[in-house]
Each structure stands twice: as structure tokens, then as C-alpha cells.
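Have a look at the structure below before the remarks.
2 protein chains.
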Amino acid sequence: HTSLCTDTRGEDRIVVWDEEFFQGRRQEFTTECYDVRTCGFQTLRSLKIESGAWAGFEHVGFQGQQFVLERGEYPRWEAWSGSHAYHMERMSSFRPIACANHRNSKMTIFEWENFLGRKGDLSDDYPSLPAMGWGSSAVMASPVFCSWVCSQFPGYRGFQYILECDCHAGEYKHFREWGSHAQTSQVQSIRRIQQ
Amino acid sequence: HTSLCTDTRGEDRIVVWDEEFFQGRRQEFTTECYDVRTCGFQTLRSLKIESGAWAGFEHVGFQGQQFVLERGEYPRWEAWSGSHAYHMERMSSFRPIACANHRNSKMTIFEWENFLGRKGDLSDDYPSLPAMGWGSSAVMASPVFCSWVCSQFPGYRGFQYILECDCHAGEYKHFREWGSHAQTSQVQSIRRIQQ
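Heads up: the sequence lines are chains A and B, in that order.
Read in order, the letters of the first sequence correspond to residues 1 to 195 in this note's numbering.
Read in order, the letters of the second sequence correspond to residues 196 to 390 in this note's numbering.
Listed below in C-alpha cells is the structure:
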């Protein structure tokens, strides 16, 4: 696997607040934050992405539920969370998502673990994999050009799993590699991340 | 305005249940349902879209919050709701969304009411309009080829507004025409509906 992503990290900018609707303590970041508590935050309650694409995480150290954050305004936790079985009001760490020339994004998906079974090449956004003739589970992925987000339900809803070409050597052989919160292999929508 | 949508309603199929996870009373529909209570349901708690794209509504008569439903499984309300300021566990009516040749979808958006201000032609999915240089509000739309969904927050989260080329004469001049639940003109993502 050869990573051909363009690293745009120098241009990334996120602004966070400790109260909803962009109130209270405010801080700007241009690089990753491993633990918001080290910056005087208990948690984040609102944020704006001013440039780049970012990944937000439930727990410190980039663990727990993942949230893809593209440019725009997130006044409350509902704006970044998908819809989940439990309220996820916490965001404790975040980092920029490398690369992504959105127009040239490519990913190969496989039906079964270890890149076995049916194979598909993606280069567009797919709000419903079942509509493309895929089942609703067991999609293992090899992302190149560049970063993608898989979602549990159609229409990009539910748990989000961020797949990057420069993580895991660009290969996700088993759904447990999608992230520490991945409990099933159910994926019903996949799209490119915009930067 | 000339509607050039392909009507595929004959092939649409939705299966609904009155309990979560596809349990309890079950019924199939191939056409619209104005009021689920007339079919013996108090509300819907899970559903599967087997073909076509559908719009689900909070209230009877296709009123209230809108949910775009593409092919796949929706075991609980969190699967079809975006993430909202209040829990929306009710779905009381639904109908097929006409047409949509996904590959040829086109829509013109405008910055201000009555098709004034800056103009943009869309033919792809846009998880972040701010990343495209658009502001976060006041996008009025003229959808052709064929049906689109606008969302309040980036990444297709929050309130959903379904725009169809065969409704409103294919024109949405003011955000109040997006639906009875539209309280602001904030739109930060737009995509085609897949069928």
C-alpha cells in the first residue's frame, strides 16, 4: 500500500467552547488535542470548524465514539453526534484528518474479513449500500485517495467510523479496527470526507 | 419549470413494525400512508426500505419533521431521525419520493429568498456547504433531476428538508416552503437522494 494523500494539516483550524451556542471559554487549535482537560476544559459543548476536516472523539487519547467534523458550525452535541442509542454529550479529544482530495477519493470494500468475498471499488458517496446491492454488514475497507466515513444506518446516520489511508497501513481487515466503539460490522452508508 | 423526473413509484416497497427491531405488528406498503392510525398502528418503531426512496413524517398528513428513508434497515427511531434538539420517536405518515436518476441530479441554489443573490449549480453531494465557500444559511433551491435532502448541520446531521422537483412547482423560494418544521434557513449540507 502506498499513501498518496496530500497532507494539509498546516491549514487546519478548529475553535471550541465549553458552553453551548459558542459561549463561555473559547480556544483555537491548529493541531491535535489529546486531552481537552489539559487545556482547562471539562468537555466541549460547541465548536466551529474553520478549515480542514477533523475527527472528534468521545474519550481522551482519540478513543471511543468518533465524529467526523467538516467545515461549519456545531452549536450543540446533537450537531456532531449521529443519532445513537445513548446520549453522547462528551468530546474529549480531537485531531485533524489528513489529506483528501475529495474529487479523487477511492476505496476498495470487501464483503468479509481479511479482504475476502465480494469486492467493490468506490469513488463517490453512497447514502445506501443496500441500494447498491450490498448487504448491510461486513464491509472491510482499503481506503486510498483518501479519507472516508462509514455509518451504521442509511443516510449517514448512527455510529460513524472514520477510515484513513494513513492509519492501519491504509487497511481495515476487521471491523474491530474501525475504532474502539465498533461493536458490529453493520455499515449501510459510506462517503468521502470533505476538506 | 418542466419536470423530467422518472416516476418509479410502482417499484417502491416499505415494511413497518409497531415494535423496535422488527417485532410486533407488521405491514407492507407500496404506496403512501396518510395516517398510520388508519392501519391499526399507534406509531412506527422500526422499518425496512426494500426498494425506492421514501419520506417519513412526524405527523399525519405528511406534516412535521421529515426523514429521508433510503434502502436499508431502521431498527429504532435513532436510525431515521437526524440528531435533534428533542427526541422524535414518532412517525405518523410516509410516502414514496418520486424519481431521481441519482447520476443526473441537478439543483440550483441561491443565497437569498426569491432566487436572489449568489447562485450555484449542484450535481454532486456536499457534506459541507461552508467548505464550498457558502454561508450557513439562506439557501433557496430549484431542484431538477430530481430529489435532494438539505440538512441543518455539516455531514447531513440535524433537521432534514426534502426538496423534490415535482413539489412546489420545483421551486422553494423561502425556507418556510421546505416543510412545516423549518424554523430557520440554516443549511450546511446538501445531497442527492438515492433510489
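Note that the Cβ used here is the ideal one computed from N, Cα and C, for glycine as well.
Model, not experiment: these values are computed from the prediction.
Taking the C-beta atoms as reference points, B/Q355 is found nearer than 9 Å to B/Q260. Its Cα nearest to that of A/G120, the residue A/W134 stands out among A/W134, A/G72, A/P127. Taking 7 Å as the cut-off between beta carbons, the residues of the stretch 316-328 of chain B near chain A are D320, P322, S323, P325, A326, in sequence order. Against A/Q188, the close residues of chain B are G267, E268, in the order they occur along the chain (beta-carbon pairs closer than 8 Å). According to the DSSP assignment, B/W275 belongs to the alpha helix (DSSP H) that extends over 272-275. In terms of beta-carbon proximity, A/S81 lines the interface with chain B, with at least one pair separated by less than 9 Å.
For A/E73, the enclosing beta strand (DSSP E) begins and ends at 72-74. Its Cα nearest to that of B/G256, the residue B/C228 stands out among B/W373, B/C228, B/V382. Listed by position along chain B, the residues whose Cβ is nearer than 8 Å to that of A/Q195 are A326. C-alpha of B/L317 to C-alpha of B/T303: approximately 6 Å in a straight line. Straight across, the Cα-Cα distance linking A/A131 with A/N104 is about 23 Å. Cβ contact annotation for B/R208 (same chain, cutoff 8 Å, sequence separation greater than five): E223, F224, T225, I244, E245, S246, G247, in chain order. Between the C-alpha atoms of A/L44 and B/R220 there is a straight-line separation of about 42 Å.
One Cα belongs to B/V211, the other to A/Y156, and the distance between them is close to 21 Å.
The beta-bridge partner set that DSSP reports for B/Y229 is empty. Annotated three-state conformation of A/R90 is coil, per DSSP. Within 8 Å of the CB of A/R191, the CB atoms of chain B belong to D320, P322, in sequence order along the chain.
Boundaries of the beta strand (DSSP E) harbouring A/G64: 63-69, taken from the DSSP string.
With a 10 Å radius around the Cβ and a threshold of 16 neighbouring Cβ atoms, A/Q42 comes out exposed. Under DSSP, the beta-bridge partners assigned to A/C150 are A/Y161, A/I190. Per DSSP, reduced to three states, the secondary structure at B/H363 is helical.
By the CB criterion at 9 Å, B/V344 and B/S287 fall outside the cutoff.
Against chain B, the CB of A/L69 has a partner CB under 9 Å away; the residue lies at that interface.
By the neighbour-count criterion, in which a residue is buried when 16 or more other Cβ atoms sit within 10 angstroms of its Cβ, B/C234 is exposed.
According to DSSP, B/W307 shares a beta bridge with B/L311.
Burial state of A/L116 is exposed, judged by a 10 Å Cβ sphere holding fewer than 16 other Cβ atoms. Excluding residues up to 5 positions away in sequence, M327, S384, I385, R386 lie with their Cβ nearer than 8 Å to the Cβ of B/Y321 in the same chain. Under the Cβ criterion of 9 Å, A/I109 is not counted among the residues facing chain B. When the five nearest sequence neighbours on each side are left out, the beta carbons in the same chain lying within less than 8 Å of the beta carbon of A/L163 are those of M107, A141, P143, S147, W148, V149, C150, Y172, W178, in order along the chain.
Put simply, the CB of A/V15 is far from chain B, with every gap to its CB atoms at 9 Å or more. Taking B/F289 as the centre and dropping the five residues before and after it, the same chain places the C-beta of C228, W249, G251 closer than 6 Å to its C-beta, in chain order. Non-local C-beta neighbours of A/R90 in its own chain, meaning closer than 7 Å and more than five positions away in sequence, comprise T43, E58, ordered along the chain. Around the CB of B/R313, fewer than 16 other CB atoms lie within 10 Å, so the residue is classed as exposed. When the beta-carbon positions are compared, B/P349 and A/R76 stay at least 9 Å from each other. Rounded to whole angstroms, the gap between the alpha carbons of B/C362 and B/I292 is 10 Å.
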